[in-house]
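See structure below.
Numbering (UniProt numbering), first residue to last: 1 to 282.
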């Protein structure tokens, strides 16, 4: 189709993921946006729009990145909603791999994107706690964006945030977004919790089995689980990237949470009812 003459040009890294898909959908439905979508493989049902261009790219391959991304000279907004998951998230190798991936991409785009206005990074709630699992202390804590980092932790979230700050050097506005348990739909996302739950519910219904919670009692009764609708998170990304009133070259952090916290014990019966399966009483 005819190429759109766009005022804003976005590149979405991780476009087939839970939030990446929603970002692309929202941007191309808005006038004056052109979108480059970056992922290794396209979505099963491809986005059909003259405002959208999918680019297959291995972000762990610097040669592939240089060949494909140095051409994107018209980019005005970068959305980084992807991560490399080959290593456990609390390992130093995970930090190194994710840093390299973002570094390759920024090195390809930043020198050529002269009209770049904003870079948006997505990390998560584990910014505030250890990636090694549940804390030993059982005290309920509430976290805001100003809470300090965990001192004894290999956390690639910190590495990416520091890299972005270094690369932009106070010249381009940026924001970091921290969702909780992401809820959305994607065929390409490795950590697609809701998709897995739907498959489990469908299997239970087909085999006429009880819809049993598969975790421990501790997880069943865990008090503070924050859900994040991928559509809401995408809207927050766009709001921060296009709102001059809050834009800052020093960086802005935003928690991206639906609202009320929940426990699995509270919502499991409602999930079972939605799937039409029997939920054990205990």
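Idealized CB from N, CA, C, for every residue including glycine.
When only Cα atoms are considered, residue 145 and residue 206 end up about 44 Å apart.
By the CB criterion at 8 Å, residue 75 and residue 20 fall outside the cutoff.
Of the residues 142, 10 and 60, the one whose Cα lies closest to the Cα of residue 36 is 10.
Within 10 angstroms of the beta-carbon of residue 34 lie 16 or more other beta-carbons, which makes it buried.
Between the stretch 172-187 and the stretch 251-262 there are three or more inter-stretch CB-CB distances shorter than 8 Å, so the stretches are counted as touching. Inclusion of residue 121 and residue 161 in the CB contact set at 8 Å is warranted, their separation being smaller than that value. A contact is defined here as three or more CB-CB pairs under 8 Å, and the stretch 260-273 meets this definition with respect to the stretch 216-236. In this model, residue 44 and residue 18 are separated by some 14 Å (Cα to Cα).
Across the structure, residue 203 and residue 269 are spaced so that their CA atoms are roughly 17 Å apart. For residue 238, the three-state secondary structure derived from DSSP is helix. The beta carbon of residue 183 sits closer than 6 Å to those of 194, 227 and 229, all from its chain and outside the five residues before and after it, given in chain order. Contact annotation, residue 259 with residue 179: C-beta distance approximately 13 Å; criterion of less than 8 Å not satisfied.
For residue 55, the enclosing beta strand (DSSP E) starts and ends at 52-56. The alpha carbon of residue 87 has as its nearest neighbour, out of 105, 256, 155 and 114, the alpha carbon of 155.
Here DSSP, grouped into helix, strand and coil, assigns residue 175 to strand.
Along the stretch 34-86, the beta strand (DSSP E) occurs as fully enclosed runs of 3 or more residues at 52-56 and 77-80, listed in sequence order. Cβ neighbours of residue 196 within its own chain (closer than 6 Å, five residues either side excluded): none. Residue pairing for residue 262: DSSP places it in a beta bridge opposite 225.
With a 10 Å radius around the Cβ and a threshold of 16 neighbouring Cβ atoms, residue 239 comes out exposed.
With respect to the 8 Å criterion, residue 246 and residue 181 are not classified as neighbours on the basis of their beta carbons. In the DSSP assignment, residue 119 falls within the beta strand (DSSP E) that extends over 118-122.
As the crow flies, the alpha-carbon of residue 147 is around 26 Å from that of residue 93.
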